[in-house]
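Scroll down for the structure; my scribbles are underneath it.
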Amino acid sequence: MNVVCGDISVSTDTGMRRLSGYCVLPTKAGMKRVGYAHADTTWTTVCKTDLLVIEEIEDELVEESDQLQTRQHLISMKELKKLEES
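Per numbering that gives the first Met the number 0, residue 0 is the first one in the sequence shown, and the count goes up by one each step.
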């Protein structure tokens, strides 16, 4: 998990931690996260996969992949293609 900027208390593999500014935090696969942002915060998660099909990757990495916006048809295929190309 990478906190790019901000100030957030987040659950980690070892308990709650308050992270601010830029911070890289190694985490175990499959752990759910919960956080409380004390200020505007941007975080990103990087996950390894050997899969190549987006839907299969989503199924592998997301607990409730059927709830994703792309599965709810809230994003048009045209918009989805733009995201895939960028």
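Every residue, glycine too, gets a C-beta built ideally from N, C-alpha and C.
These numbers come from a predicted model, not from an experiment.
Only counting the same chain, and skipping five residues up and downstream in sequence, which positions put a Cβ closer than 8 Å to that of V61?
In the sequence shown, counting from the first residue as 1, residue 61 sits at position 62. So the list reads L67, once near-sequence residues are dropped.
Tell me the DSSP secondary structure of M0 in three-state form.
Along the sequence shown, read from residue 1 onward, the residue named residue 0 stands at position 1. Of the three classes helix, strand and coil, the one that applies to M0 here is coil, per DSSP.
What's the gap between the Cα of V45 and the Cα of I56?
Along the sequence shown, one-based indexing puts residue 45 at 46. Along the sequence shown, one-based indexing puts residue 56 at 57. Going from the Cα of V45 to the Cα of I56 covers about 12 Å.
Secondary structure at N30, three-state DSSP: helix, strand or coil?
Position 31 of the sequence shown, counted from the start, is the residue given in the question as residue 30. The question names Asn, but residue 30 is Met in the sequence shown. In the three-state scheme derived from DSSP, where H, G and I count as helix and E and B as strand, M30 is classed as coil.
Could you say which of Q71, V9, L79 and M76 lies nearest to H37 if we only look at CA atoms?
As a first step, residue 37 is located in the sequence shown; it is residue number 38 there, counting from the start. Ranked by how close their Cα comes to the Cα of H37, the residues Q71, V9, L79 and M76 have V9 in first place.
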